[in-house]
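Number of protein chains: 4
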Amino acid sequence: MGNKSLQKRNLIVEAARDVFFRCGYKGVTMKDIVEACGISRGGLYLYFSNTKELFEAVLEQENKTLTSVLESPAVKEASPGEILLMYLEEQKKDILKKKGNLTAATYEYLFENKLVNADTPIKKRFDENVRALEKLIIDGVNEEWMVCESPAEAAKNIAYAIEGMKVTAQTTEITAKTLDNQIAYIMGTLGMVIKD
Amino acid sequence: MGNKSLQKRNLIVEAARDVFFRCGYKGVTMKDIVEACGISRGGLYLYFSNTKELFEAVLEQENKTLTSVLESPAVKEASPGEILLMYLEEQKKDILKKKGNLTAATYEYLFENKLVNADTPIKKRFDENVRALEKLIIDGVNEEWMVCESPAEAAKNIAYAIEGMKVTAQTTEITAKTLDNQIAYIMGTLGMVIKD
Amino acid sequence: MGNKSLQKRNLIVEAARDVFFRCGYKGVTMKDIVEACGISRGGLYLYFSNTKELFEAVLEQENKTLTSVLESPAVKEASPGEILLMYLEEQKKDILKKKGNLTAATYEYLFENKLVNADTPIKKRFDENVRALEKLIIDGVNEEWMVCESPAEAAKNIAYAIEGMKVTAQTTEITAKTLDNQIAYIMGTLGMVIKD
Amino acid sequence: MGNKSLQKRNLIVEAARDVFFRCGYKGVTMKDIVEACGISRGGLYLYFSNTKELFEAVLEQENKTLTSVLESPAVKEASPGEILLMYLEEQKKDILKKKGNLTAATYEYLFENKLVNADTPIKKRFDENVRALEKLIIDGVNEEWMVCESPAEAAKNIAYAIEGMKVTAQTTEITAKTLDNQIAYIMGTLGMVIKD
DNA sequence: CATGAATGAGAGTTCATTCAT
DNA sequence: GATGAATGAACTCTCATTCAT
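Residue numbers (my numbering), protein chains in the order written: chain A, 447 to 642; chain B, 447 to 642; chain C, 447 to 642; chain D, 447 to 642.
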């Protein structure tokens with residue numbers, strides 16, 4: 447694929463991303479994508495054979511773009527507690543921009559493609575987050591900032607709770623206040639107190 | 447609607463339930479339902495105009511059928527901690543029978559009908575669970591079984607974590623062991639220890 | 447399938463027959479058939495899923511309709527030589543009405559579906575004709591009208607020659623005179639002379 | 447057309463030949479040809495505008511390549527009966543290598559292009575064969591090897607029978623034994639006996 | 001009420017053909 | 001000459017929905 451082709455491919459993925467944002471996954475047709483990127487019907491098929499391939503391309507690009515604070519080296523200065531707080535705040539922001547995330551589409555996609563490929567980028571991302579959280583908690587405990595008897599479970603619990611908030615936010619109103627309270631509660635379970 | 451009609455309606459809902467279990471929500475067509483209940487095409491339309499109405503009927507019936515231990519009067523004898531444990535075990539069972547629940551279909555339905563109706567039965571059920579959990583925790587604290595500074599937040603946190611596990615279980619393998627550990631962790635955050 | 451359905455099915459087969467006559471087999475689309483029988487797109491699919499099924503239905507009906515003189519009991523009075531001549535004349539007529547037969551379409555169909563099912567109606571018909579011809583020749587020899595050392599091969603040879611004329615007629619002009627001469631020749635190989 | 451161009455043209459025809467062998471005529475698309483000869487889409491169009499032109503080029507080349515024993519000067523030594531037998535054996539071989547001949551494709555082509563051009567190479571070849579067979583039979587009769595009252599009709603009859611076997615072989619199994627018997631029968635009709 | 005044949009809109013997909021490079 | 005990306009027409013097939021019986 448030439449350089450120009452790659453450019454076009456990216457243009458399509460960009461347009462598709464918008465469509466998936468607006469319409470979820472299952473409701474999207476190749477025609478929708480065609481119209482969104484202003485190319486011809488046949489032209490789209492030159493790059494992607496179906497919405498599944500398209501969505502996977504969008505996910506991949508999204509994963510490249512997104513980098514969690516957990517992975518950013520920029521936060522080295524901060525204490526484990528501070529990093530955890532930053533991470534939770536980051537998640538909060540993501541949750542609140544309901545219309546602007548891929549959560550719904552991603553779950554529709556996952557429901558349709560259960561376990562087919564145990565190593566979906568989504569699962570990988572989830573696992574990475576759990577691992578990073580665990581390390582953070584262990585550090586926090588070692589440095590005596592936190593109290594936690596089973597960091598592995600605590601990490602998972604936080605990840606599950608966040609996942610729960612994400613999907614819930616897609617289906618009902620969830621306020622910033624609610625999220626703030628949850629953040630405080632989670633910090634609390636690790637023996638940390640948030641000061642304003 | 448006559449008695450006979452009601453019977454037929456129930457028959458349809460029953461058949462539809464099976465289909466939604468197997469195929470999720472969005473992938474289901476009126477044709478699928480027609481074939482599943484061995485009724486005529488036109489006949490189905492006498493009762494339901496589209497899959498949305500059908501799914502809502504299924505959900506309603508499901509909510510009638512399901513009663514959580516949290517609402518059952520039978521558990522009055524048990525201590526708050528015991529009841530909480532029973533509830534978590536109940537959720538665990540639900541999560542593990544992945545293929546036999548409506549989680550995926552329900553979320554597909556909710557994603558498609560965001561906020562249209564803020565008072566979906568699902569939200570109601572979620573809120574009721576949160577309230578019941580909160581009461582349980584308050585009782586637990588009062589009776590000095592549990593330690594918790596903000597029962598409201600704790601209750602929500604548990605509910606979110608469970609929701610997170612439910613959807614995650616739909617998309618990746620999740621083991622009984624993992625769930626047991628999470629249950630133990632959650633109990634632990636309330637100062638309770640599970641003894642075998 | 448009700449009586450009315452059967453009627454409609456026949457109507458479709460009738461219309462399809464015309465189309466296959468005009469356009470052969472491979473060039474025909476479901477759309478062509480739809481337009482030819484004035485029903486809706488979806489309506490056609492209620493009865494036939496593709497042009498292959500349609501063509502097979504046409505062939506079947508054609509085979510029901512066509513009965514060779516070889517099989518007709520009406521010719522019992524005639525001598526073997528007379529019957530053979532009638533059969534050859536019958537074939538001649540069929541060959542000459544070039545536009546009005548299914549030869550081209552049938553061969554296109556057979557080329558596409560080689561050997562898949564060794565027992566196509568076409569092969570059966572061919573074999574039946576060969577058998578009937580053989581019996582005729584044996585009778586002719588026994589009754590001393592004909593001279594033939596290997597009736598089985600003679601029967602096959604006649605059948606192949608007719609098949610050859612049929613396909614050739616589809617692709618180039620072939621005159622009645624040519625066919626008459628061939629008929630005379632074939633009769634001659636069996637020791638019979640045609641008198642005007 | 448330069449020398450290099452001619453080379454390329456031949457390369458295309460060669461590749462196309464393979465495709466037509468495998469897929470017949472009507473089922474072949476320009477895309478198939480493009481893929482088969484590893485040339486660019488636009489490049490192919492510089493030489494051929496459609497599959498019809500392509501197939502005609504293949505036929506032409508095929509006719510150049512094929513030379514029947516009937517036309518070969520090498521057989522001058524043999525008697526008419528021997529030459530006829532050689533010719534029939536040659537046809538037998540051609541018929542038996544079912545997968546490796548153009549019969550099916552050619553007929554599909556001819557069915558689609560009926561009479562448009564009365565002088566197709568195929569018709570020419572057929573006529574030449576008939577003429578050569580006729581001459582052979584006349585010679586055979588003159589030299590008193592054969593018995594035949596109407597060599598012209600006999601020649602045509604043989605040609606039609608062979609054509610019949612060719613198309614039949616494309617659609618159903620036909621054995622070497624069957625062909626041997628037919629050859630013996632045809633020779634017999636001319637008063638000749640095959641000795642092993 | 002109940003049936004199921006019929007409709008037609010629309011999704012998916014493939015290719016012949018063109019054209020800027 | 002040669003390339004291959006791009007176009008758009010055409011075809012297949014499926015369903016939601018209607019309606020005469």
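Where a beta carbon is used, it is the ideal one built from N, C-alpha and C, also for glycine.
Euclidean distance between Cα positions of residue i and residue j
i: Phe-579(D); j: Leu-516(D); result: The sequence shown places Leu at residue 579(D), rather than the Phe named in the question. Each residue's Cα considered, the two are about 8 Å apart.
i: Leu-512(D); j: Thr-635(C); result: 31 Å
i: Asn-603(D); j: Leu-534(D); result: 13 Å
i: Val-521(C); j: Glu-599(D); result: 29 Å
i: Asn-588(A); j: Gln-537(B); result: 34 Å
i: Leu-542(D); j: Ala-622(D); result: 7 Å
i: Pro-567(D); j: Lys-560(D); result: 13 Å
i: Leu-457(D); j: Arg-571(D); result: 25 Å
i: Thr-614(B); j: Asp-565(A); result: 13 Å
i: Val-504(B); j: Leu-556(B); result: 14 Å
i: Val-576(B); j: Ala-605(B); result: 6 Å
i: Asp-540(D); j: Leu-625(D); result: 11 Å
i: Ile-629(D); j: Ser-596(C); result: 12 Å
i: Met-633(A); j: Glu-506(B); result: 37 Å
i: Asp-573(D); j: Phe-467(C); result: 27 Å
i: Gly-586(D); j: Glu-502(C); result: 47 Å
i: Arg-455(C); j: Glu-508(D); result: 45 Å
i: Glu-523(B); j: Asp-464(A); result: 54 Å
i: Lys-569(A); j: Ser-518(B); result: 36 Å
i: Ile-485(C); j: Ile-485(B); result: 26 Å
i: Lys-510(D); j: Val-459(D); result: 13 Å
Spatial neighbours of residue i in its chain, beta-carbon cut-off 6 Å, leaving aside the 5 residues before and after
i: Phe-427(A); result: As displayed, chain A neither begins before 447 nor continues past 642, which places residue 427(A) out of reach and without an answer.
i: Lys-616(C); result: For the record, residue 616(C) in the displayed sequence is Gln; it is not Lys. Correct list, in chain order: Thr-549, Ala-550.
i: Met-532(C); result: Val-515
i: Val-640(D); result: Rather than Val, the amino acid found at residue 640(D) in this sequence is Ile. These residues qualify, in order along the chain: Ala-630, Met-633.
i: Lys-612(B); result: Ile-541, Thr-549
i: Leu-530(B); result: Leu-582
Residue i classed as buried or exposed, judged by whether at least 16 other C-beta atoms fall within 10 angstroms
i: Ala-607(D); result: buried
i: Leu-582(D); result: buried
i: Gln-453(B); result: exposed
i: Tyr-491(C); result: exposed
i: Glu-558(B); result: buried
i: Thr-497(C); result: buried
i: Gly-489(D); result: exposed
i: Arg-487(B); result: exposed
i: Lys-450(D); result: exposed
i: Lys-477(D); result: exposed
i: Gly-546(D); result: exposed
i: Glu-619(B); result: exposed
i: Gly-448(D); result: exposed
i: Glu-609(D); result: buried
Neighbourhood of residue i by C-beta, 7 Å cutoff - its chain only, sequence neighbours within 5 removed
i: Pro-461(A); result: A small correction: the amino acid at residue 461(A) is Ala; Pro does not occupy that position in the sequence shown. If we look at Ala-461(A) and ignore the five residues flanking it on each side, its Cβ neighbours are Ile-479, Ala-482, Cys-483.
i: Gly-637(D); result: Met-592, Val-593
i: Ala-601(D); result: Val-576, Leu-579, Glu-580, Ile-583
i: Leu-631(D); result: Reading off the sequence, residue 631(D) comes out as Tyr, not Leu. For Tyr-631(D), where only same-chain residues beyond five positions count, there are no Cβ hits under 7 Å.
i: Lys-544(D); result: Ala-615, Gln-616
Neighbourhood of residue i by C-beta distance below 8 Å, restricted to the same chain and skipping five residues each side
i: Pro-526(C); result: Leu-582, Ile-583, Asp-585, Gly-586, Glu-589, Trp-591, Met-592
i: Thr-475(C); result: Thr-497
Completely contained alpha helix (DSSP H) runs for the stretch 464 to 498 of chain A, where each covers 4 or more residues:
For the stretch 464 to 498 of chain A, whole alpha helix (DSSP H) runs of length 4 or above, ordered along the chain, are 476 to 483, 487 to 493.
Runs of alpha helix (DSSP H) lying entirely within the stretch 557 to 591 of chain A, each at least 4 residues, in chain order
DSSP runs (the alpha helix (DSSP H)) wholly in the stretch 557 to 591 of chain A: 567 to 588.
*Does the count of Cβ pairs from the stretch 470 to 486 of chain B and the stretch 537 to 553 of chain B closer than 8 Å reach three?*
With a cut-off of 8 Å on Cβ pairs, the stretch 470 to 486 of chain B is in contact with the stretch 537 to 553 of chain B, counting three or more such pairs.
Check: Which runs of the alpha helix (DSSP H) spanning at least 4 residues fall entirely within the stretch 498 to 554 of chain A, listed in chain order?
Finding: Segments of the alpha helix (DSSP H) lying fully in the stretch 498 to 554 of chain A: 526 to 542.
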